[in-house]
Amino acid sequence: MSKTNLEKIFVCEETPTPRILLLTDTNEVNGRGLLYTVINSHLRSPANIHYLHTSLRAQDIRRFLKEESSGKIEFYDGASDPCGWVSDQPEVSLQQPLQEIFRLG
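Counting from 1080, one number per residue, gives the positions in the sequence shown under my numbering.
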């Protein structure tokens, strides 16, 4: 990804607006600073953020957010069987199609 494209993502001027942005990190390359920066920049815009976490917990992200911004981000647990495939008891019950949830349609 070029520096220009990355800058557009940080200032929320990317066109067309990305529907999904996936960030990952490893022990060798830590992407958490980038994650915190992207989340905070998008919280200043009218966008809502849906964060599916597998290792970095919601509490760890909330420490880096301003109080007034925390209502614009929703956390989903992707590490402990959120769909109930193992336990037959889903933690999340979707009442509308994913296209409407993520406004893709």
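Beta carbons are placed, not taken as given, at the ideal position from N, Cα and C, and that holds for glycine.
Report, in whole angstroms, the separation of the C-beta atoms of residue i and residue j, which I expect to be a contact under 8 Å.
i     : j     : result
D1156 : H1121 : That belief does not hold up - the Cβ atoms of D1156 and H1121 are roughly 21 Å apart, past 8 Å.
N1119 : L1144 : 7 Å
Alpha carbons only, please: which of the options is nearest the one belonging to residue i?
i     : options                    : result
E1146 : Q1178, G1112, R1123        : R1123
K1151 : Q1178, V1117, G1112, A1126 : A1126
I1128 : G1163, F1154, T1116, D1167 : F1154
List the endpoints of the continuous alpha helix (DSSP H) containing residue i.
i     : result
L1122 : 1111-1122
D1139 : 1137-1141
Beta strand (DSSP E) containing residue i: first to last residue?
i     : result
L1131 : 1128-1132
D1156 : 1152-1156
How is residue i classed by DSSP in three states: helix, strand or coil?
i     : result
Q1168 : coil
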